[in-house]
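Data first, discussion second: the structure below is written as structure tokens.
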Amino acid sequence: MHFITPVLFIFLKLKERYFPVIEKILKENGIPEDFKYLCVAESSLQNLKSPAGAEGMWQFLAATARSYGLEVNGDIDERYHLEKATRAACQYLKDAKAKFGSWTAAAASYNCGVGGYSNFSSYQGSSYYYDLLLPEETNRYVFRIIALKLILENPVHYGFNLSPSDTYKPFKTKKIKVEQPISNLASWAAQQGSSYKMVRLVNPWITGKTLPNKSGKTYYIEIPID
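Read in the working numbering, the sequence shown has 182 at position 180, and its numbers run on one by one without any break.
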């Protein structure tokens, strides 16, 4: 990802919508707030799918997502559930910090994987990030996060002037508790006074037209409100 002007404007517009959610969960988990910029580096605060199969704002592979408690199947993909995916990312980062001893190493491992960082650390006899010869992509990754922090915290200093009206505001929603299957999501949305399009927009983790819920789980589906 290169920091060209149009891309940075998108970051500045999106951060007002998503940073409050991310910041709250990072704080609850004792993760430094600056890790919200890792999310920007991963996905540009957009629900992307990488060529390698990583998905969502935190760019989890399916197997990794499941190992951190996210549901990923043909109907549900919680890599696209910002709150749950952020909590999973927090647990990943805490595990990595405990293993490697620093938040910088944890951030680097998010790029090259815990296994990859372990291999570099074992071979070179140190887990200290600044002592290691790492792949170029991983080296750039950490400094990209730092650059994003500098720019997004001081946009005017770097020539970006946005008024509050230019930013994307958080969706106003209410949460509906769902414990039963939904056989037709469009009909269900209409019963809630909404539409299939809007329900899918604010609940990107629902990937199909139904919610089978064969295991009887409890879900909270967001419904837009005026």
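Cβ coordinates follow ideal geometry from the N, Cα and C atoms, glycine included.
- Collapsing the DSSP output to three states places I227 in coil.
- DSSP, reduced to helix, strand and coil, places T88 within a helical segment of the structure shown.
- Y170 sits in coil when the DSSP states are folded into three classes, being neither helix nor strand.
- Between P137 and the set A110, Y130, K151 and N75, the nearest pair of CA atoms involves A110.
- Rounded to whole angstroms, the gap between the alpha carbons of L16 and G127 is 41 Å.
- Inclusion of L213 and Y221 in the CB contact set at 9 Å is warranted, their separation being smaller than that value.
- Residue pairing by DSSP puts E57 in a beta bridge opposite K51 and F62.
- Residue environment analysis places K26 among the exposed positions, since fewer than 16 neighbouring C-beta atoms fall within 10 angstroms of its C-beta.
- When C-beta atoms of the region 84-99 are compared with those of the region 63-75, three or more pairs fall below 8 Å, so the two segments count as touching.
- A direct Cα-to-Cα measurement between I148 and G218 gives close to 43 Å.
- Ranked by how close their Cα comes to the Cα of Y130, the residues Q61, I33 and K99 have K99 in first place.
- As computed with DSSP, I184 is found in a beta bridge with L213.
- Less than 9 Å separates the beta-carbon of K177 from that of I225.
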